[in-house]
Amino acid sequence: MTGQAATVSVAVISYNAATTIEETLDSILAQDLGPARIELAISDDASRDETVDVVERWLARHGDAFANVVFLRNAENGGVSRNCNLVWSASSAQWIKTIAADDILQPHCLSANLEFADQHPD
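FYI, the numbering for the sequence shown is 178 to 299, going by this note's numbering.
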């Protein structure tokens, strides 16, 4: 982790997503905004498959590229709302983009979202 302040937090919620989460995380890493401006926050809702192992291996390879990484490994399943609330509470950037562990971000997604916010400050 670079230690600089993140421009945006990408909050990823997961449950039993071992087959999809790596592609989701790759799409965050590939953002044209650059991972050094992204805080990656992941909250796993007590998956029963290998999701946590997949995420830990991926973070070992790519986690240092991000401004900050938070990985919450919940011991019991609390449902989507609780999982979202946990990951939002753990996020520190002004802007939060929430996605599920089977979503893919197009390469310009975050920069386009931030550009829209800048153009529409109200």
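Every residue, glycine too, gets a C-beta built ideally from N, C-alpha and C. Note that the structure is a prediction, hence the values are computed from the model and not measured.
Return the CA-CA distance between residue i and residue j, expressed in angstroms with no decimal places.
| i | j | result |
| --- | --- | --- |
| Q283 | D299 | 26 Å |
| V246 | G240 | 7 Å |
| A237 | L291 | 28 Å |
| K274 | R234 | 23 Å |
| A267 | I219 | 9 Å |
| Y192 | A252 | 12 Å |
| N254 | V189 | 15 Å |
| F248 | E199 | 14 Å |
| T179 | G256 | Residue confidence is low: T179 scores 41 on pLDDT, short of 50, so the model does not pin down where it sits. Its coordinate-derived value is still stated next. Spanning the two alpha carbons is a distance of roughly 32 Å. |
| A223 | A194 | 11 Å |
Using three-state DSSP, classify residue i as helix, strand or coil.
| i | result |
| --- | --- |
| S204 | helix |
| R225 | coil |
| I219 | strand |
| I281 | coil |
What are the start and end residues of the beta strand (DSSP E) that includes residue i?
| i | result |
| --- | --- |
| A188 | 185 to 191 |
| A277 | 272 to 277 |
Does the beta-carbon of residue i, which I'm using as the reference point, lie nearer than 7 Å to any heavy atom of the ligand ATP?
| i | result |
| --- | --- |
| L206 | Only the bare structure without any ligand can be found here, which leaves the ligand ATP out of the picture. |
What residue range does the alpha helix (DSSP H) around residue i cover?
| i | result |
| --- | --- |
| Q296 | 286 to 296 |
* Pairing CB atoms from the stretch 203 to 211 with CB atoms from the stretch 258 to 268, are three or more of them under 8 Å? -> no
* To do: Output the residue ranges of the beta strand (DSSP E) runs that lie fully inside the stretch 221 to 268 and measure 3 residues or longer, sorted by chain position.
  => 245 to 250
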